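Contents: one structure, followed by commentary.
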Amino acid sequence: MQALVGAAGFQFRSGENLLKQTRPEDNSRSAELAGALLLIVSPPQTRTKLDEAARRLEALSALPFDDAVAAEAAYQRVRLAQTRGELADTPLAGRYREIWTRFPDSPQAERAIVYAAIVVQHQPGPMEARRTALLTFEEEVRGLLRSPAARRLYHLSASLAWGRLFDDEDRACAHLLVVYELGLASHYTFSDVLFRLGEYHRRKGEEATAARFFREFVARYPADRRTDLARCLALQLQPHEP
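Residues in the sequence shown are numbered consecutively from 276, following our numbering.
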């Protein structure tokens, strides 16, 4: 799970922005939040510093405010709990759910949904129970993600989970098609999306669609180590196409 969590790329990004924007003499809640995040990101990281950061974030999120500072404090508190292994998967997902319930339509809510999805996708237990839990979660958060960045990461992690953990290529392909339509900034990740889509459709017997993805892969990534294979597969599937 940690590899996917790290792929998010925005773990403390908004907190770092607050650090840049807040003056040391500012005694507001923003300054308190920035101070807590400074304890987290500044070396050396010690248990004492992280405990103090957790205490400050908990206190800030408990105050009767529903603004960006409160949302960020609540979100960063749960992220810290996750990175420190303080909570098991079920209560951890519940803490993330509190964020998007309390702060709907906020950037923190979207990040909470993405991380909660990764938790649910990788939680332990019997396979059928895990599958049911993931289907329930996906239905719960359907339509709640609006920013392209959050949607990309959510559907990318879902495609990996359904394909590699649950061996459900149809659901994996459906999520991957959303990622394809949104596009990805990372050339390597997008090349992987194209190749996987070609493979999924090839195994389903959808030769024309598979060949189209393989040809797009070849056109976009002529120097990739998989380009020769993609070219051969496209020719096998549609030998008379250019």
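Every residue, glycine too, gets a C-beta built ideally from N, C-alpha and C. Owing to the predicted nature of the structure, the values given are computational and were not obtained by experimental measurement.
The alpha helix (DSSP H) that contains K324, what's its start and end? R322 to A337
By DSSP, does F488 sit in helix, in strand, or in coil? helix
Cut-off 6 Å between Cβ atoms - residues of its own chain near F425, not counting five sequence neighbours on either side: Here residue 425 is Ala; the residue named in the question, Phe, does not match the sequence. Excluding positions up to five away in sequence, the list reads E385 and V389.
How do the region 358-368 and the region 331-338 stand: do at least 3 beta-carbon pairs fall below 8 Å, yes or no? For the pair of segments examined, the region 358-368 was found not to touch the region 331-338: the number of CB pairs separated by less than 8 Å stays below three.
Quick one: using the 10 Å Cβ neighbour count with 16 as the cut-off for buried, is E434 buried or exposed? Here the sequence assigns Ser to residue 434, which means Glu is not the residue at that position. S434 should be labelled buried.
Which class does G418 belong to by DSSP, given the choice of helix, strand or coil? coil
Let me know the secondary structure DSSP gives L435 once reduced to three states. helix
Is the CB-CB distance between L508 and F489 below 7 Å? yes
Going by C-alpha distance, which of H462, Y475 and L457 is nearest A447? Y475
Quick one, are the C-beta atoms of L472 and P423 less than 7 Å apart? no
Does F412 come within less than 7 Å of chain C when only Cβ atoms are used? Reference to chain C is not applicable here, since this structure consists of a single protein chain.
Taking 6 Å as the limit between beta carbons, can you name the residues of its chain near D443, skipping five residues before and five after? Excluding positions up to five away in sequence, the list reads W437.
Going by the beta-carbon positions, is the gap between V394 and A408 smaller than 7 Å? no
Residues near V453 by beta carbon distance below 6 Å, same chain, minus five either side: H430
Just mark F492 as buried or exposed, buried being the case when its beta carbon has 16 or more other beta carbons within 10 Å. So F492 counts as buried.
Contact belief for S305 with V344 at Cβ below 8 Å, rounded distance in angstroms: The beta-carbon distance between S305 and V344, rounded to whole angstroms, is 6 Å. This is short enough to meet the 8 Å contact definition.
Quick check: what's the CA-CA separation for V353 versus R370? Their backbone Cα atoms lie some 7 Å apart in a straight line.
Start and end residues, alpha helix (DSSP H) containing A363: Looking at the DSSP string, A363 is not in any alpha helix (DSSP H), and its letter there is neither H nor E.
Going by the beta-carbon positions, is the gap between A368 and A391 smaller than 7 Å? yes
Decide if Q511 is buried, meaning its Cβ has at least 16 other Cβ atoms within 10 Å, or exposed. Exposed is the call here.
Backbone secondary structure at R352 - three-state DSSP: helix
What is the rounded straight-line gap between the Cα of T321 and the Cα of R500? 43 Å
Assigned secondary structure, E300 (DSSP; H/G/I helix, E/B strand, else coil): Note on E300: pLDDT 46, under 50, position unreliable in the model; the coordinate value appears next. In the structure shown, E300 sits in coil (DSSP, three-state: anything other than H, G, I, E or B).
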